[in-house]
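Following: one structure in structure tokens, then a few remarks.
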Amino acid sequence: MTVYEQELRKLFEHSDLVDRPQFSGRVCVGDLGKDLRVRVEFLSTHISSQYDAIRLTVLNRTEGVVDRTLLRFQDVWGKKQVPNNPNFRSGVIPHLWDDYGKVEWYAYHPTAADYAALRDAVGQYLSAFRERTPELERSGPKLVYICAPLRGDVTNNVEFARQKAQEVFAEGNIPICPHLLFPPVADPDDPAQDEKARAMGLRLLESCQQMNVYGPVWTDGMWQEIYKAGELGIPVLTDQKTIGRTPPARHPKRKER
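Position 59, counted from 1, in the sequence shown is what full-length UniProt numbering calls 59; the numbers after and before it change by one each time, with no gaps.
So, in structure tokens, the structure goes:
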């Protein structure tokens, strides 16, 4: 497995950005809908051996290219500082460096937060092309996604989510509560398991007809779920008169020129 494939897998393998992702060398191809595919590949925009961006190409199976955009790592992550390295006092532009076949991140390696930001930027772009399957008219109970804080005091937060899920159940709807599903099988303190559980939770959200947001403080993970609900057109209800905190910044989409 090449370094390029490893990096693409970090972005797409356990996320809900694309369906059935396939990896080959520097390229990932996945499904967006009935006839739409997306091709993602590393790209060098300045120096041939320095891969500082990914290009996303949306394809129709019969009509070819629908749209294309370029996401530069600098645009998403900004210039990164390299502590204790006098050669990069002003920071470094993140990129993969291909040094005669030896490929690695140059000076700065992206963090879990960086990968999450890049996924968010990719998701914002692809959401314009992904079609949400219309829900059947239902007279029965709704699937209600329980969005609540988890990290920190996990035990009490799980109990809080359980109580809220019980309220939804008492109202006659079906609570979809990741806090009750994932902590017994995925350790919230394990970054890899936590990231996988987050992605699975977002996948569950796709089947819901409503999101209920609980708690006075909304964490970054909750905002990720709220943003996703907005992209899917799912109504979001909250028990707060105002939002619990300022939402994290979202990076604007950039079109390739």
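C-beta: ideal position from N, C-alpha, C; glycine also.
By the CB criterion at 8 angstroms, H109 and D52 fall outside the cutoff. Taken through DSSP and simplified to helix, strand or coil, I226 comes out as helix.
In this structure, V144 and P175 form a Cβ contact; the two beta carbons are roughly 6 angstroms apart against a cut-off of 8 angstroms. In this structure, the CA atom of L36 is about 6 angstroms from the CA atom of L59. In the three-state reduction of the DSSP assignment, A53 falls in the strand class.
About 5 angstroms separates the beta carbons of A229 and M211, which is inside the 8 angstroms limit, making them a contact pair. About 10 angstroms separates the beta carbon of N156 from that of L150, a gap too long to meet the 8 angstroms contact definition. A192 and P86 have their C-alpha atoms roughly 32 angstroms apart. Ranked by how close their Cα comes to the Cα of E5, the residues V29, D19, D16 have V29 in first place. Spanning the alpha carbons of D187 and D194 requires a straight line of approximately 6 angstroms. A direct Cα-to-Cα measurement between E206 and L232 gives close to 7 angstroms.
For L43, the enclosing beta strand (DSSP E) stretches over residues 36 to 43. Distance from the CA of R72 to the CA of V168, rounded to the nearest whole angstrom, comes to 43 angstroms. One alpha carbon belongs to G64, the other to L70, and they sit about 18 angstroms apart. In this structure, V213 places its C-beta atom within 8 angstroms of the C-beta atom of C147. For Q224, the closest C-alpha among the options D239, N173, L118 is that of L118. Taking 8 angstroms as the cut-off, the Cβ atoms of V92 and K80 count as close. V18 counts as buried, since at least 16 other C-beta atoms from the protein chains shown sit within 10 angstroms of its C-beta.
Counting only residues of its own chain and dropping the five nearest sequence neighbours on each side, C177 has a CB closer than 6 angstroms to the CB of I146, A161, A165. Comparing alpha carbon positions, the residue from E159, N173, F12, V154 closest to E41 is F12. Between the alpha carbons of A116 and G172 lies a gap of roughly 35 angstroms.
Bridge partners of Q22 according to DSSP: V29.
Under the 10 Å beta carbon count, V185 is surrounded by fewer than 16 other beta carbons and is classified as exposed. A170 and K142 have their C-alpha atoms spaced approximately 12 angstroms apart. With respect to the C-alpha of D153, the residue from L126, L181, S127, D189 having the closest C-alpha is D189. For the set T2, L32, T111, the Cα lying nearest the Cα of L126 is the one of L32. Within a 10 Å sphere around the beta-carbon of P21 sit 16 or more other beta-carbons, which makes this residue buried. Check the Cα spacing between G201 and each of V3, D16, T2: the tightest is with D16.
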